[in-house]
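Numbering (this note's numbering), first residue to last: 104 to 306.
Structure follows, in structure tokens:
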């Protein structure tokens, strides 16, 4: 069952935690790629110095954040890596959740080719561990790019469906890569499934 718009139209920190254990799906013309969401980060928009929309910033890049909940916000970092966010809250409130890590469950052979240009059986243990344990890595593995910006996450192409396993502990930690954001760098807005090997960083 796909998560509906009302799932996203809630408190962003709550959504960030509730996304853990859900299943991210990218259905392309040729294949289906799936992974369990194991790590997220919440960004609270206008009031959050780490967020793209801090202070009400509204540029072409961040316009998606001001749109309706349940849409994909895909942007590029370092000029080369795509990152996937889910938009939360009501339209006009620019908040969202970054998907930081997934546990691959379907289409691993394609993910291996997308990430390393090698068949799955030729990957080293290190490469397998680093297949989807980071926002840029998972987007590369799942073939998620800027063409999917504004995609309806309740549609049939890129969507999140309800996971079956909720038997895990959630760890709260500081977000990663936002040392510029003054006091916001210390907010415990990153959430991950305790002990899952696909988490990008523990604590």
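All C-beta atoms in this analysis are idealised placements derived from N, C-alpha and C, irrespective of residue type, glycine included.
In terms of Cα proximity to residue 232, the closest of 164, 196 and 205 is 205. For the beta strand (DSSP E) assignment, the uninterrupted runs of no fewer than 3 residues enclosed by the region 132-180 are, from N- to C-terminal side, 135-146 and 175-180. Judged by DSSP secondary structure, residue 297 falls outside any alpha helix (DSSP H); it is assigned neither H nor E.
With respect to residue 143, residue 191 sits apart: the two C-beta atoms are not nearer than 8 Å. Boundaries of the beta strand (DSSP E) harbouring residue 276: 273-276, taken from the DSSP string. Per the C-alpha coordinates, the member of 179, 110, 181 and 154 positioned closest to residue 168 is 154. Shown here, residue 255 sits in a strand according to DSSP, grouped into three states. At a Cβ-Cβ threshold of 8 Å, residue 125 and residue 274 do not count as neighbours.
With a contact defined as Cβ atoms closer than 8 Å, residue 122 and residue 137 miss out at about 15 Å.
The secondary-structure analysis by DSSP pairs residue 184 across a beta bridge with 180.
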